[in-house]
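Here's the structure we're looking at; comments come further down.
Number of protein chains: 2
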Amino acid sequence: MSEEKLPKQSENFSEWYNQLIARAELADYAPVRGCMVVRPYGWALWENIQKALDTRFKQTGHVNAAFPMLIPMSFLEKEKEHVEGFAPELAVVTIGGGQKLEEPLVVRPTSETIIGYMYSKWVKSYRDLPILINQWANVVRWELRTRMFLRTLEFYWQEGHTAHETAEEAEEETRRILDLYTDFAVNEAAVPVIPGIKSEAEKFAGAVRSYTIEAMMRDTKALQSGTSHNLGQNFAKAFDIQFLDRNNELQNAWTTSWGVSTRFVGAIIMTHGDDQGLILPPRLAPIQIVIVPIYKDPVSMDKVMPVVRQLEKSLSQFRVKVDDRDNVTPGFKFNDWELRGVPLRIEIGPRDVDNNTVVVAQRDIPGKAGKLFLSMDNLGGQLETILVDFHQRLLQRATEFRDSHIFEAKDFAEFKQIIQEGWAFAYWCGSTACETGIKDETKATTRCRPLDQKKTDGVCIYCGQPAEYKTYFARAY
Amino acid sequence: MSEEKLPKQSENFSEWYNQLIARAELADYAPVRGCMVVRPYGWALWENIQKALDTRFKQTGHVNAAFPMLIPMSFLEKEKEHVEGFAPELAVVTIGGGQKLEEPLVVRPTSETIIGYMYSKWVKSYRDLPILINQWANVVRWELRTRMFLRTLEFYWQEGHTAHETAEEAEEETRRILDLYTDFAVNEAAVPVIPGIKSEAEKFAGAVRSYTIEAMMRDTKALQSGTSHNLGQNFAKAFDIQFLDRNNELQNAWTTSWGVSTRFVGAIIMTHGDDQGLILPPRLAPIQIVIVPIYKDPVSMDKVMPVVRQLEKSLSQFRVKVDDRDNVTPGFKFNDWELRGVPLRIEIGPRDVDNNTVVVAQRDIPGKAGKLFLSMDNLGGQLETILVDFHQRLLQRATEFRDSHIFEAKDFAEFKQIIQEGWAFAYWCGSTACETGIKDETKATTRCRPLDQKKTDGVCIYCGQPAEYKTYFARAY
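Protein chains in written order, with my numbering: chain B, 1 to 477; chain P, 1001 to 1477.
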């Protein structure tokens, strides 16, 4: 870590983001344009995200599998909207084992096509349904403008692909996953997301209906943080996923797909971070508690270190690190772990040993106000409560920030103003023409229409025609 | 599962293997030549392998990260032996986003080069060493003759890449991992492997020294099941991984790499399987215990099922599945789960409910001899012991099979005979000429020279010249 200060969020959010990722050693630039190396600290965060999601997938009856990364080019062409959406972004293998390939192979940008092909082999009868498969995989999309975690040529994700007997079951699954993602974001990452439905223009290439969870970053831009798609029978028809139903009649299956990617790491950084660096939500933080021993000489070191090691052992229910570096000062260590967003820091000096106490600094409350002076007795129990409160504070802070940056617009002049400072929640007639007009004039896109909204009588913020629903508009990553 | 019987191992081992993988739903053929789809049952087995290895990596101080899959072609050319070894097997991306790329990108066949490049950026001082990183990844090698799990174009593995201050530390790491792999194979998979050192001809392209764990399959062929390479300073020199040492002098780092892949699934299938199908080692089996309820009518079903569900709950420390299918008979279920290699089957019928007992069938002991009649009281505790014994029996059976198929050859005529029936353990002078001669005449390759062997005075089985060590020779996958 360099001694230089991070740029302030308020001065240059983009530089703050880039430098923070480098200094906290979350990721580094790869020698191939637009690719990233996820470093151990960043990957440990992703592994905790994986565990939290995977547990939820398995609890809801899903199983993992692995499908090939290389897909025949002809597969993508079978679903018209799908190929139009992905063709410009493909990486293509044309040479294998020194020979030009007869049919080029695409590095998967997503796997609906090859999984659809396999499902058509596996599904014969309604008894073979539902299929509830997820895979953890890398995918490649040839993006021109890239950004660490948010948009990289290669990224990591989970992609769920399910097949069902009826339209209703497919819709239920799509919504079940949307709820699962919302629960994960709120209760693991303390990221207050707004679940909703995407517009026709913003939906997945090949889907009938796309749902999303949208989060507000601290520069007020929106980040799409997970999506769940009802694919109807589009892919079943393209890939012949057919089955004999309960009446012995041949039917096309109904399929869904859904994903959360390493982009979510970006959501965590930009939802919680501050001018000092990262603030990691405790349930996902690779290190929940760092212990910094304080001593000035070998005598006090000999007094402090055995207690530190004992404490480390007694806190084994947490992810704990002891910072025993001998070439940097405690002050340097404090800054370092603040930058890296570790939720709690325990300081122990000789006097603490005498008093059977520790000082606990909370990352989200700067200075003395955040310091707790605790007895070492039942310290684990106390810290559990403190971490629960920490999570709640992060969630509340992010929710308040978000809610104070969403405004209802009464006319388009106000709308344009709002978009500079936050999200607009406004009536929209639903036409792609208005959506495009708004985007061209303000750079704002439709983020989602919330699901619990009742029909009302309004007028479109852009064209003034009747509009039944309000939609969130924002500049987005 | 089809009703047809598997081919017998003794009649057609290769067909036994292929059909078993399909019928047990471990994997399926992908639409791209030489690629496989790992189905949920196969992937669950791989996930358990991953957990067992990953825990061991973390216990020995390693951390995970992720490096890009696409590598500039020029990187591979920096290490002469490396590029010679891998050039014929590369898949090459030449088009990205619709444009021909200026420099083609290789889909990683292994990641020494790109990781070496990153390490050269991260390592400045001896204080930055050691770096102990592992990644779980997919890699692609354009193989001509492929085989499910054993040799596929794309496969899954972990690849560890470490950098050290001294030659001694690099060698220690290489050997530590060899021990770790041996421990994993024996104590998790019940696969008795022989650790040893590879010959010059068989070592990794770019390594100074390669270690291996070698296992004997039930057709007596050898399977290389994991490798650990001491790369010396070869990659450090090629990629400028240099650091200031404790005397403030610039040095090249010493690096290692090591890997276990989905090939290990093949090792498990072919070490333990029999004519009835898979036998999975209990510590890695996706399902350790299957419960099959036995009833003939709704009345006995109502009697049996609540007890089955209660039992399922009380055995939550195991991976348990209740087979409650209502469209197949218990006999069909028995065969099905035997094929899939589930270690224990619990049968519960109405009489068992009355007697507070269950019948437990052990997969590795056919017929009545393997059946245990147990009280439901403390069933979990009893089953734990039974599974420990199961593991031990598998290991013992595999060890005995292996040891009874390894022979010491007194001359080359005998050697040729032995190679048809097992492995030969024979003096070899160490020359590549003899190794090639033996391979040409017998199809046997050197597998490894065991590490604990003392120098003795022998003569080479092929050329008759002096030879100090014996080496294992076998036909291999």
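Every residue, glycine too, gets a C-beta built ideally from N, C-alpha and C.
Asked                                                                                                                            : Found
Completely contained beta strand (DSSP E) runs for the stretch 102 to 175 of chain B, where each covers 3 or more residues       : 131 to 140, 154 to 164
Within-8 Å CB hit, Val1038 of chain P to chain B                                                                                 : yes
Segment contact flag, the stretch 172 to 189 of chain B with the stretch 147 to 156 of chain B, C-beta cutoff 8 Å, min 3 pairs   : no
Proximity test, Cβ basis, 8 Å: Pro1298 of chain P and chain B                                                                    : no
Under 9 Å by beta carbon: chain P residues contacting Tyr156 of chain B                                                          : Ala1066
Start-end ranges of the beta strand (DSSP E) lying completely within the stretch 1334 to 1373 of chain P, minimum 3 residues     : 1344 to 1348, 1357 to 1362
Counted within 10 angstroms of its Cβ, other Cβ atoms place Asn48 of chain B as buried (16 or more) or exposed                   : buried
Where Ile481 of chain B sits in the DSSP three-state scheme                                                                      : The structure shown does not extend to residue 481 of chain B, since chain B is modelled only from 1 through 477, so no value can be given for it.
Sheet register partners of Leu1250 of chain P (DSSP bridge)                                                                      : P:Leu1244
Listed by chain order, chain B residues near Pro1072 of chain P by CB distance under 7 Å                                         : Pro31, Val32
Beta-ladder partner(s) of Gly1381 of chain P, from DSSP                                                                          : Paired residues: none, contrary to the question.
Short CB-CB distance (under 8 Å) between Gly97 of chain B and chain P                                                            : yes
Of the residues B:Ala236, B:Phe67, B:Lys198, the one placed nearest Ala1030 of chain P, counting alpha carbons only              : B:Phe67
Under 7 Å from the C-beta of Ile133 of chain B: neighbouring residues of chain P                                                 : Pro1040
Where the stretch 89 to 114 of chain B meets chain P: residues whose CB sits under 8 Å from a CB there                           : Glu89, Leu90, Ala91, Val92, Val93, Thr94, Ile95, Gly96, Gly97, Gly98, Pro104, Leu105, Val107, Ile114
CA-to-CA distance, Arg176 of chain B to Pro88 of chain B, given in whole angstroms                                               : 32 Å
Buried or exposed (CB count within 10 angstroms, at least 16 for buried), Ile1213 of chain P                                     : buried
Span of the beta strand (DSSP E) around Tyr295 of chain B                                                                        : Per DSSP, Tyr295 of chain B belongs to no beta strand (DSSP E) and is neither H nor E.
CA nearest to the CA of Arg1033 of chain P, picked from B:Gly226, B:Met69, B:Gly367, B:Leu383                                    : B:Met69
Cβ of Tyr117 of chain B within 8 Å of any chain P Cβ                                                                             : yes
Option in P:Asp1364, P:Met1118, P:Arg1319 with minimal Cα separation from Gln1242 of chain P                                     : P:Met1118
Among P:His1272, P:Tyr1462, P:Leu1374, the one whose alpha carbon lies nearest that of Gly1430 of chain P                        : P:Tyr1462
Alpha helix (DSSP H) segment containing Asn1234 of chain P, residue limits                                                       : 1234 to 1239
Closest by C-alpha distance to Leu1315 of chain P, when choosing among P:Leu1278, P:Gln1382, P:Ile1269, P:Ala1253                : P:Gln1382
Neighbouring residues, chain A, relative to Trp1258 of chain P (Cβ below 9 Å)                                                    : No chain A is present in this structure, whose protein chains are B and P.
For Ile197 of chain B and Tyr211 of chain B, believed in contact at Cβ under 8 Å, the rounded distance                           : 6 Å
Nearest-angstrom Cβ-Cβ length linking His63 of chain B and Pro1343 of chain P, presumed shorter than 8 Å                         : The sequence given here has Val at residue 63 of chain B, not His. Actually they are not in contact, since the Cβ atoms of Val63 of chain B and Pro1343 of chain P sit about 20 Å apart, beyond 8 Å.
Simplified DSSP assignment, three categories, for Val208 of chain B                                                              : coil
In chain order, each alpha helix (DSSP H) run of at least 4 residues that lies wholly inside the stretch 1015 to 1051 of chain P : none
CB contact check: Val1063 of chain P to chain B, cutoff 8 Å                                                                      : yes
First and last residue of the uninterrupted beta strand (DSSP E) at Ser1228 of chain P                                           : 1222 to 1230
Test: Glu47 of chain B CB closer than 8 Å to a CB of chain P                                                                     : yes
Nearest to Ala467 of chain B (by Cα), restricted to the options B:Glu435, B:Cys434, B:Tyr427, B:Lys443                           : B:Tyr427
Close Cβ partners of Asn1355 of chain P (< 8 Å) along its chain, the five nearest in sequence each way excluded                  : none
Candidates B:Asp297, B:Ser300, B:Gln317, of which the one nearest Ile289 of chain B by Cα                                        : B:Gln317
Any chain B beta carbon closer than 8 Å to Asn1248 of chain P                                                                    : no
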